[in-house]
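Which chain is which? The protein sequence lines are A and B, in order. If you count the first sequence from 1, position 77 lands on 76 in numbering that gives the first Met the number 0, and the numbers rise without skipping. If you count the second sequence from 1, position 18 lands on 17 in numbering that gives the first Met the number 0, and the numbers rise without skipping. A quick write-up on the structure given underneath.
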Amino acid sequence: MIKHVLLVAERDVKMFLQYKFILILRALWFLAQIALFGFVANRMVKEDVQIVTGNYFYFYAAGIVITLLYSMAVFISYDIYEEADHGVVEYLLSLPISRRELVLGRAIGGGLRSFLYVAPLMLVVLLMIGMTEPFRILIAFVALFLFAFGVSGMSITIAVSIKSHDRFDILLGVLNAFIVRLSTTMYPVVFMPKQYAVLAQFNPLTYAADIFRWGAGLEATLITNPFLSVLGIILFFSFFTFIGIIFYERRLEGGGWR
Amino acid sequence: MKKIMHLLEYDFRNFFRYRWWIAGMISMNLADLIVMAVVYTNMVSQKVSGKYLNYFLFFSPGITITALFAAAFMIGREINRELRREISHYLLSLPFSRWELAFGRVLSGGLRGMVYMAPLLVTTIFVTWVFTGNLPSVLGVAIILVTLFLVSIGTSGLSITMSLSTKSFEKFVTARGVVYYILFFCSSVFYPLDFIQQLGREGVIPQLLVLIAEANPLSAGADTIRSFLLGHPAFNPLMMLNVAFFAIVFVLASGFAYLKILQG
């Protein structure tokens with residue numbers, strides 16, 4: 000079973016590498032966020048913000064890399080839509096692989112490829128901030144690896160629940176808008192109005208940003224302790240990987256993807 | 000003209016058929032206004048935003064212009080889809096000249112941007128009035144609308160030109176993202192132009208970025224709204240000239256690109 004699952008995951012990673020154009024553009028997008036907005040915003044903020052964050056530029060860079068991980072993990076659903084459009088699903092179903100293996104492989108492949116893509120950019124951010132505690136970074140990377148799986152599972156769940164590509168693209172845009180803004184990826188919780196701060200505490204992106212900042216040694220701004228962040232990510236990963244597999248498996252029956 | 004009206008009707012019907020898209024866009028703009036702008040208002044120094052009373056008032060016109068840009072950009076997405084699904088063949092079979100077809104699509108993209116942006120502009124005017132008591136004159140509103148229309152039609156042209164350069168939806172979406180970020184971040188949408196110029200003088204950011212921000216039509220659009228609502232920066236006719244140039248270049252580029260694709 001593991002061999003089959005890994006074969007499916009390998010296929011997804013290889014497919015991802017074919018999107019050279021998109022990968023380069025996404026990396027440029029990340030650099031634009033940090034080098035343009037991050038740099039100017041760092042100069043715009045009050046002295047209090049610099050005191051709370053230690054350095055707002057580092058704080059922002061560490062948050063933006065998490066939003067990139069999130070947006071890349073979501074990408075697996077676009078492949079699922081493309082396959083449905085081009086009749087590749089029938090081919091996949093004809094392979095000597097069970098449906099459960101196929102679905103599990105997609106979830107793992109989606110998480111793995113996004114993590115492999117974002118990990119070097121995370122290292123760039125860590126080098127910029129200064130790596131002091133390698134063991135912490137290792138824990139943070141393991142947690143973020145699970146986070147990427149969870150986001151892929153969530154994306155697959157949404158993709159198989161909505162047949163229209165356009166609606167999916169839009170729904171994902173809305174979800175991104177609120178999930179990113181109502182998290183601590185871009186700003187510390189102390190500057191958020193109370194109602195937003197409460198929502199941010201239950202946001203998986205906050206857990207991911209917190210654990211990455213903890214790994215990077217930017218501890219002053221964390222709103223959850225590292226143990227709770229890891230626990231939150233594990234719960235998020237378990238829930239959406241499980242739900243995504245069930246939904247996708249059901250949708251594959253009887254041509255439900257068409 | 001009557002034929003172009005038919006095309007406008009076709010594109011507006013399509014636009015309002017995308018209820019999900021409109022709902023999604025509204026959510027994104029609301030998220031920017033009620034979450035991001037509110038939080039950054041607590042974070043941005045008064046030295047930067049003081050001339051505009053606070054960052055929320057500064058950012059509201061910025062959100063209006065980003066909404067206009069995103070809505071006007073939507074036409075490119077539809078034309079890309081028509082190309083992929085070969086609906087363009089059906090359009091060619093209709094009794095329109097190719098020029099009418101090309102120009103009608105650019106115009107409808109621009110008008111759709113204006114229609115979508117209108118409630119946000121009204122909200123921005125209302126919010127500014129509540130906080131400052133300022134209301135723009137009739138001439139001020141007219142100048143704002145003309146400027147925004149030029150930004151909108153130029154954006155529609157830019158989007159169509161980009162959508163015709165690839166049949167891949169993913170490539171179009173990603174390229175759109177990059178164009179969004181460059182035009183949004185190298186502009187006065189998020190930060191005042193004089194602050195960007197100051198950072199340029201101090202050598203904190205490269206002069207090239209300052210030049211892009213100064214020439215960016217989104218800067219001209221956002222600053223025109225601020226001029227008449229907040230009184231700062233002072234209105235400069237060059238702002239209108241900037242967006243007129245942007246509109247002419249991309250309306251022509253998209254018209255030629257569309258004709259070339261249709262004839263190919």
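The beta-carbon is built from N, C-alpha and C at its ideal position, and this holds for glycine as well.
Note that the C-beta distance between methionine 42/B and phenylalanine 134/A is not below 7 Å. For valine 48/A, the residues of chain B that pass the 8 Å Cβ criterion are Met42, in the order they occur in the chain. The secondary-structure analysis by DSSP pairs valine 44/A across a beta bridge with Val43/B.
With a threshold of 7 Å between beta carbons, lysine 170/B makes contact with chain A.
Looking at the backbone, the Cα of leucine 125/A and that of tyrosine 180/B are separated by about 24 Å. Between alanine 212/B and cysteine 185/B, the beta carbon gap of about 5 Å places them in contact (Cβ cut-off 8 Å). For the C-beta of phenylalanine 194/B, the chain A residues within less than 9 Å are, from N- to C-terminus, Val39, Arg42 and Met43.
Inter-segment contact for the region 45-55 of chain A and the region 199-206 of chain B is absent: fewer than three beta-carbon pairs are separated by less than 8 Å. Under the three-state reduction of DSSP output, methionine 73/B falls in the helix class.
Asparagine 54/A: not part of any alpha helix (DSSP H); DSSP gives it neither H nor E. In this structure threonine 223/A is in contact with tyrosine 206/A, their Cβ atoms being roughly 6 Å apart against a cut-off of 8 Å.
Chain A places a beta carbon closer than 7 Å to that of alanine 30/B, counting this residue as a contact. A direct Cα-to-Cα measurement between lysine 2/B and leucine 251/B gives close to 19 Å. No residue range can be given for alanine 30/B, since it is assigned to no alpha helix (DSSP H) and is classified by DSSP as neither H nor E.
Separation of the CB atoms of isoleucine 155/A and serine 76/A is rounded to 6 Å, and the pair is thereby assigned contact status at 8 Å. Per DSSP, the continuous alpha helix (DSSP H) segment holding histidine 164/A begins and ends at 164-180.
Contact of leucine 120/A with chain B is not assigned, every C-beta pair being separated by 7 Å or more. Residues of chain A whose Cβ lies closer than 9 Å to the Cβ of leucine 198/B are, in chain order, Phe38, Val39 and Arg42. Against chain B, the beta carbon of glycine 172/A has neighbours under 7 Å at Gly23 and Met27, listed in chain order.
Comparing alpha carbon positions, the residue from Phe211/A, Phe144/A and Ala72/A closest to threonine 183/A is Phe211/A. The Cβ atoms of tryptophan 19/B and isoleucine 96/A do not sit closer than 7 Å to each other.
Within chain A, no C-beta atom comes less than 7 Å from the C-beta of phenylalanine 15/B; the nearest is roughly 14 Å away. The alpha-carbon separation between aspartate 222/B and leucine 32/B amounts to approximately 18 Å. Within the region 187-214 of chain A, Phe190, Met191, Pro192 and Tyr195 place their CB atoms closer than 7 Å to a CB of chain B, listed in sequence order. The C-alpha of tyrosine 39/B lies about 43 Å from the C-alpha of methionine 4/B.
Below the 9 Å Cβ cutoff, chain B contributes no neighbours of leucine 67/A, its closest Cβ being approximately 12 Å away.
Using a C-beta cut-off of 8 Å, the region 195-204 of chain A makes no contact with the region 108-124 of chain A, since fewer than three inter-stretch Cβ pairs fall below that distance. For tyrosine 190/B, the nearest beta carbon of chain A is closer than 7 Å to its own beta carbon.
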